[in-house]
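Numbering follows numbering that gives the first Met the number 0, in which position 155 of the sequence shown is assigned residue number 154; successive positions increment by one, without gaps.
From the three backbone atoms N, C-alpha and C, an ideal C-beta is built for every residue, glycine too.
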Amino acid sequence: MTTRMIILNGGSSSGKSGIVRCLQAVLPDPWLAFGCDSFVDALPAKMRASDAGIVFTADGEVSIGADFRASEAAWTAGVVAMARAGARVVIDDVFLGGATSQQRWQKALDGLPVLWVGVRCESAVAAGREVARGDRIQGMAAAQADAVHEGVFYDVEVDTTRTESLACARTIAAHVG
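Printed below as a string of structure tokens:
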């Protein structure tokens, strides 16, 4: 079966967004890119600081509420519908719940061909990128670096600690069927 979706999972500041841009450049067919950051940005402000929505604590922890989960489920279903309609879709995500997060995607995908990609980065390197970016709460990258991969299975893994986004994208592209 032809891959319809590529789902990248990695912690904050692990390099997923750069890899996605490179994938769009190296893959021969057009791929639409969507990510958890753009989903969170699309939420109304009141959901970005509410126990029912999403809360980012001062130490970088993230907590998710019921309203967020409901909106996320609708967003996920919409993204999967685009893939079912013929679009090729690459997702940049952070599996805060590890295996449980992957299972939510699997349920929505219901047999749609997907390439699961783990994007790893050493905690200290991701934390340095986080500081350099200036748009993330310090501590988020360290908190997520390993936790997002717990219990998650992948078809391919890349490590951005010492490997540039383009090389990682080429590795991933070689696995796209």
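Residue i: first and last residue of the uninterrupted alpha helix (DSSP H) it sits in
i      : result
Asp40  : Cys35 to Ala41
Arg87  : Segment: none, Arg87 is in no alpha helix (DSSP H) and carries neither H nor E.
Trp30  : No alpha helix (DSSP H) holds Trp30; DSSP gives it neither H nor E.
Arg119 : Premise fails: Arg119 lies in the beta strand (DSSP E), Val113 to Arg119, not in any alpha helix (DSSP H).
Met139 : Met139 to Gln143
C-alpha gap between residue i and residue j, whole angstroms
i      : j      : result
Ala44  : Cys21  : 31 Å
Phe67  : Met46  : 7 Å
His174 : Thr2   : 9 Å
Asp92  : Ala86  : 18 Å
Thr160 : Glu121 : 6 Å
Ile5   : Ile90  : 6 Å
Ala84  : Ser13  : 30 Å
Thr56  : Leu42  : 18 Å
Gly150 : Thr99  : 8 Å
Gly77  : Phe152 : 24 Å
Asp40  : Phe33  : 12 Å
Exposed unless 16 or more other CB atoms sit within 10 angstroms - verdict on residue i
i      : result
Lys15  : buried
Ala123 : exposed
Ala72  : exposed
Residue interval of the beta strand (DSSP E) (run including residue i)
i      : result
Ser62  : Val61 to Ile63
Val130 : First-last for Val130: Ser122 to Arg132, but that is the alpha helix (DSSP H), not the beta strand (DSSP E).
Ile53  : Ile53 to Phe55
Residue j beta carbon less than 8 Å from that of residue i
i      : j      : result
Val157 : Val118 : yes
Val54  : Ala172 : no
Gly59  : Ala51  : no
Ala140 : Gly10  : yes
Leu31  : Val88  : yes
Ala125 : Ala142 : no
Closer than 8 Å to chain B by CB, residue i
i     : result
Gly59 : Given the protein chain composition of this structure (a single chain), no chain B is represented.
Proximal residues to residue i (C-beta, below 8 Å), its chain only, five neighbours per side dropped
i     : result
Thr75 : Arg103, Trp104 and Ala107
Neighbourhood of residue i by C-beta, 6 Å cutoff - its chain only, sequence neighbours within 5 removed
i     : result
Ile18 : Ser164, Cys167 and Ala168
Leu7  : Lys15, Asp91, Val116 and Val118
Own chain, CB closer than 7 Å to residue i, minus 5 neighbours either side, in chain order
i      : result
Leu95  : Val61, Ile63 and Val147
Ser70  : Leu42
Glu129 : Ser11, Ser12, Arg135, Gln137, Met139 and Ala140
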